[in-house]
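The next block holds one structure in the form of structure tokens; read it before the comments.
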Amino acid sequence: MTVTPYCKNLFQSRRDLHQFLSNCKQTSIEKNYSQIISISLEIDPVDPLVLFHQIAKPDQLSFYIEKRELSNGNYTPVHRSGSIKSPDQISGIVAIGSTVQLQIEGSDRFKQAKDFIHKTLENTTVSGNPDLPLAGPHFFCSFTFFDRHSEQNSFFPAATIFLPEWQISYQENRCTVVVNIAIHPTLHLESVVEELWQKFQTISSVNYELISPAIDHRDLLKRQDVTDTLHFKQSVFSALDLIQKNVFNKIVLAHAFDILSPLPFHPIHSLHNLRQLYPDCYIFAISNGRGQYFIGASPERLISLRNQRLVTDALAGSAPRGQTTCEDAYLANSLLNSVKEMHEHQVVIEFITRQLCQLGLAPNSLPLRLLQLSNIQHLQTPIQAFVPAHIHLLDAVAELHPTPAVAGVPREIACDYICRYELFERSLYAAPIGWVDHQGNGEFAVGIRSALIDGCHARLYAGAGIVSGSDPDRELAEVQLKLQALLAALV
18 MTVTPYCKNL FQSRRDLHQF LSNCKQTSIE KNYSQIISIS LEIDPVDPLV LFHQIAKPDQ
78 LSFYIEKREL SNGNYTPVHR SGSIKSPDQI SGIVAIGSTV QLQIEGSDRF KQAKDFIHKT
138 LENTTVSGNP DLPLAGPHFF CSFTFFDRHS EQNSFFPAAT IFLPEWQISY QENRCTVVVN
198 IAIHPTLHLE SVVEELWQKF QTISSVNYEL ISPAIDHRDL LKRQDVTDTL HFKQSVFSAL
258 DLIQKNVFNK IVLAHAFDIL SPLPFHPIHS LHNLRQLYPD CYIFAISNGR GQYFIGASPE
318 RLISLRNQRL VTDALAGSAP RGQTTCEDAY LANSLLNSVK EMHEHQVVIE FITRQLCQLG
378 LAPNSLPLRL LQLSNIQHLQ TPIQAFVPAH IHLLDAVAEL HPTPAVAGVP REIACDYICR
438 YELFERSLYA APIGWVDHQG NGEFAVGIRS ALIDGCHARL YAGAGIVSGS DPDRELAEVQ
498 LKLQALLAAL V
């Protein structure tokens, strides 16, 4: 990877852009090789979700993720003036189209993804302003829960990694546009420059806010369990018997139901609803380029890496929120004093610590805390570690996925029984989704509290951890609580 000097006026005229790319093409001709030019520029602040709505097409790979740590619990829109109404920390990023991509299956998918990123960066020139937030090329990644599919017509490959054509991010009240251009000796430069110029003008001129659709057709939705609730409860009974026999110590069982709508679901409106209902979660959407979307609001960070500082979370042990302050405090106290929930949480802490140690890291746990969402609360323990330069973020993702919070212990045995109990494809549910940048930084969430959207059909997923002492009725109530919360955001 090479870096060119910052050229501030690159997109201020079509002529300057043409001259810059002409020089890049000439280099490709002289050296007879293809290269990628990644340009980072600043525009006036705009909500990336608005750009996702305005620019992304169903036949393109696309990716959206945002995380908001709000002080007032409400979503605050981003305005073109650059002002934010509250001092909340907001970060959102959208990736549209694919300059290069890799789609694979198999047990070595994380290594192949890492190698693909390294190889691509070897032929990438980074230009523009490197000091902008989230500047430079980013690779967007989605991995399914299992490394192979049990269904023939799965919507998402076991691994998808792509460098987008356009990437727009919002962070620290600044908006960064990154365009990644494939340059080769036979490139038709004039048409490429014209397309880039027009798209950049469109991005720079977008100026509106998302609003909820006027039509509310919740009453017309039809719901059907993918497997009936009796099957879920019977699976819990069976799992408890196997736990008693020491076959495994914990297993996470998912439940899913299908929603049929007379009108197509609108992923952008669903995301807008999710960000308002769950402002303290990762809000995400992934398009496979064939019209299907996987969206959700996940409270669980799998891993983040910034300047060699790794942070992950042990998130396990749940309770509902109360209707009153007193009831809420009672439920929180019960969660903190539950032997069953604390045991489930400790299992996850020990697993994460052990896996990071296998990478040669020295993780340390921060104090236990409660993560309180609008409808549910979880036990959460952040875990940190320093990561030497030779360890890639995807090395850590490969070690951690799947954690006991979404699979079980021992991991391999639990996953085997998940395949036996669950009569549907997990796809991206409970799997790593996130990004890696050109410096090795990145962030991955766990794709829980999620839905697969395909036109007028949506499949919703949620799961519950089964350990000794679990009650089938309570576990079913927990997954239904999570599913209902997601359903409320779809329309």
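The opening residue of the sequence shown carries number 18 in the working numbering; numbering runs sequentially from there. Every residue gets a Cβ at the ideal spot worked out from N, C-alpha and C, and that includes glycine.
With respect to residue 484, residue 357 sits close: the two C-beta atoms are nearer than 8 Å. Bridge pairing for residue 461: 320, 451 [DSSP]. Residue environment: residue 245 is assigned as exposed (fewer than 16 neighbouring CB atoms within 10 Å of its CB, all protein chains considered). Taken through DSSP and simplified to helix, strand or coil, residue 258 comes out as helix. Residue 42 and residue 57 have their C-alpha atoms some 19 Å from each other. The three-state secondary structure of residue 245, taken from DSSP, is coil. The three-state reading of DSSP puts residue 430 in helix, counting H, G and I together. The beta carbon of residue 309 sits closer than 6 Å to the beta carbons of 172, 471 from its chain, once the five residues preceding and following it are set aside; these are given in chain order. Shown here for residue 403: same chain residues with a beta carbon closer than 8 Å to its own, the five before and five after excluded, namely 325, 326, 327, 378, 379 in chain order. In this chain, residue 289 is not harboured by any beta strand (DSSP E); it is covered by the alpha helix (DSSP H) spanning 284-294. In the three-state reduction of the DSSP assignment, residue 487 falls in the coil class, being assigned neither a helical nor a strand state.
Fewer than three beta-carbon pairs drawn from the stretch 124-133 and the stretch 30-37 are found closer than 8 Å, and the two stretches are therefore not classed as touching. For residue 384, there are no CB contacts under 6 Å within the same chain when 5 residues up- and downstream are skipped. Residue pairing of residue 80 in beta bridges, as defined by DSSP: 112, 303.
Apart from the 5 residues on each side of it in sequence, residue 73 sits with its Cβ closer than 6 Å to the Cβ of 79, 113 in its chain, given in chain order. Shown here for residue 152: same chain residues with a beta carbon closer than 8 Å to its own, the five before and five after excluded, namely 57, 145, 146, 193, 195 in chain order. In summary, residue 19 is exposed, with fewer than 16 beta-carbon neighbours lying within 10 Å of its beta-carbon over all protein chains present.
Note that the C-beta distance between residue 235 and residue 276 is not below 8 Å. Burial of residue 274 is indicated by the presence of at least 16 other C-beta atoms within 10 angstroms of its C-beta.
Here DSSP, grouped into helix, strand and coil, assigns residue 221 to helix. Take residue 478, set aside five residues on each side of it, and the residues of its chain with a beta-carbon closer than 6 Å to its own are 271, 273, 446, 467, in chain order. Per DSSP, the continuous beta strand (DSSP E) segment holding residue 402 begins and ends at 393-403. Secondary structure at residue 41: helix, using DSSP grouped into helix, strand and coil.
Buried is the label assigned to residue 84, since at least 16 other Cβ atoms lie within 10 Å of its Cβ. Residues 34, 58, 217 of the same chain have their beta carbon placed closer than 7 Å to that of residue 28, with the five preceding and five following residues left out of the count. Inter-segment contact for the stretch 309-319 and the stretch 411-423 is present: three or more beta-carbon pairs are separated by less than 8 Å. Taking the Cβ atoms as the reference, residue 394 lies roughly 11 Å from residue 346, outside the contact range of under 8 Å.
Residue 136 counts as exposed, since fewer than 16 other C-beta atoms from the protein chains shown sit within 10 angstroms of its C-beta. Between residue 362 and residue 396, the gap from beta carbon to beta carbon is short of 8 Å.
Every alpha helix (DSSP H) stretch that sits fully inside the stretch 350-424 and reaches 4 residues is listed by chain position as 356-375, 410-417.
At a cut-off of 3 residues, the continuous stretches assigned as beta strand (DSSP E) that sit fully inside the stretch 119-193 are 141-145, 155-160, 176-180, 183-188. Within the DSSP bridge table, the entry for residue 329 names 400 as partners.
Per DSSP, the unbroken alpha helix (DSSP H) holding residue 66 starts and ends at 65-72. With at least 16 other beta carbons inside 10 angstroms of its own, residue 184 counts as buried. One alpha carbon belongs to residue 496, the other to residue 250, and they sit about 11 Å apart. Taking the Cα positions, residue 281 is about 16 Å away from residue 290.
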